[in-house]
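Asks: Before I ask anything, let me first share the structure, which is written out below as structure tokens.
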Amino acid sequence: MSDVQMGRELLGETAIRDKVAQLGRQISADYRGQELLVVGVLKGAVIFAADLVRQITVPVYLDFIAVSSYGKATRTSGVVRILKDLEESIAGVHVLLVEDIADTGLTLHYLRENLLARGPRSLKLCALLDKPDCRRVEVPLDYVGFQIPDQFVVGYGLDFDGRFRNLPAVHLLSREAEKK
Ligand code: PRP
-8 MSDVQMGREL LGETAIRDKV AQLGRQISAD YRGQELLVVG VLKGAVIFAA DLVRQITVPV
52 YLDFIAVSSY GKATRTSGVV RILKDLEESI AGVHVLLVED IADTGLTLHY LRENLLARGP
112 RSLKLCALLD KPDCRRVEVP LDYVGFQIPD QFVVGYGLDF DGRFRNLPAV HLLSREAEKK
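Residue 171, in this note's numbering, is where the sequence shown stops; the numbers in between run on with no holes.
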């Protein structure tokens, strides 16, 4: 793994902070007068969800769901299963599903179908990052922070092999071996 390093910064802290604030304002306006359950998808969305809920001014509840991971590969296996479920029923609840990134769309597609079957009052999808070129299944994204090209990114919750989640900005992944 020593050949994998943090590469060029793609999205800086200020750009991310401004975008999260903008999303928070938009979400607060859209859900005005209502309560909202924000569901973060572990682990990648934990940083984004933590920042986003602090920019939302309507009453917010917070829960998390965990699904199977890519593991050490950088491409999805297409297999999604729930590793940790929500703590309470979402029947009759306004739910906002929050992801760090929509790549193939398989994770959000699976979670959307799964959560819709539980009878929420409404379900919307929010992703900080969107890689539209990578989509294998269409998912309706209601809130998107940034559209980015098909490059592996880390930081602000996103990892490679468990590393780099703590970076405050989003960076490209640099593989020294590929430069040779
Ligand atoms: C990443 C990311 C999304 C998913 C998006 O999770 O956090 O959940 O992949 O990819 P997709 O659109 O191709 O499904 P990952 O499986 O790496 O787990 P993590 O959140 O724990 O890092």
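Every residue, glycine too, gets a C-beta built ideally from N, C-alpha and C.
(1) Go to Ile173, then tell me how far its beta strand (DSSP E) extends in each direction, as first and last residue.
(2) Please give me, in chain order, every unbroken run of the alpha helix (DSSP H) with length at least 4 that falls completely inside the region 24 to 50.
(3) Keeping to the same chain, check which residues put their C-beta closer than 8 Å to that of Asp124; ignore five residues upstream and five downstream.
(4) Taking the straight line between their C-alpha atoms, what separation do you get for Leu149 and Glu0?
(5) Take Gly(-2) and list the residues in its own chain whose beta-carbon comes closer than 7 Å to its own, dropping the five residues that flank it on each side.
(6) If you check the beta carbons only, do Tyr22 and Leu87 fall under 9 Å apart?
(7) Mind reading off the beta-carbon distance from Val89 to Ala40? Whole number of angstroms is fine, and I expect it under 8 Å.
(8) Helix, strand or coil: how does DSSP classify Ile92 here?
(9) Keeping to the same chain, check which residues put their C-beta closer than 7 Å to that of Phe71; ignore five residues upstream and five downstream.
(10) What does the alpha-carbon distance come out to for the pair Phe137 and Glu104?
(11) On a CA-only basis, which of Gly146, Phe151, Arg154 is nearest Gly3? Give me that one, please.
(12) Along the beta strand (DSSP E) that carries Ser165, what are the first and last residues, could you check?
(13) Apart from the five residues on each side of it in sequence, which residues of its chain come closer than 6 Å, Cβ to Cβ, to Glu26?
(14) Hey, could you find the ends of the beta strand (DSSP E) Ser19 is sitting in?
(15) With DSSP as the reference, please indicate the residues paired to Arg154 in a beta bridge.
Replies: So, from the listed chains and residues:
(1) Past the edges of the chain, shown from -8 to 171, lies residue 173, and the structure says nothing about it.
(2) 37 to 44
(3) Pro140, Asp141
(4) 13 Å
(5) Only His162, Leu163, Leu164, Ser165 meet the Cβ criterion.
(6) Taking a C-beta distance under 9 Å as the contact criterion, Tyr22 and Leu87 qualify as a contact pair.
(7) 5 Å
(8) strand
(9) The displayed chain sequence assigns Val, not Phe, to residue 71. Same-chain partners within the cutoff: Val58, Ser59, Leu97, Thr98, Tyr101.
(10) One alpha carbon belongs to Phe137, the other to Glu104, and they sit about 24 Å apart.
(11) Comparing Cα positions, the closest option is Gly146.
(12) Start and end: 161 to 166.
(13) Pro50
(14) No beta strand (DSSP E) contains Ser19, which is instead part of the alpha helix (DSSP H) from 4 to 21.
(15) Phe151
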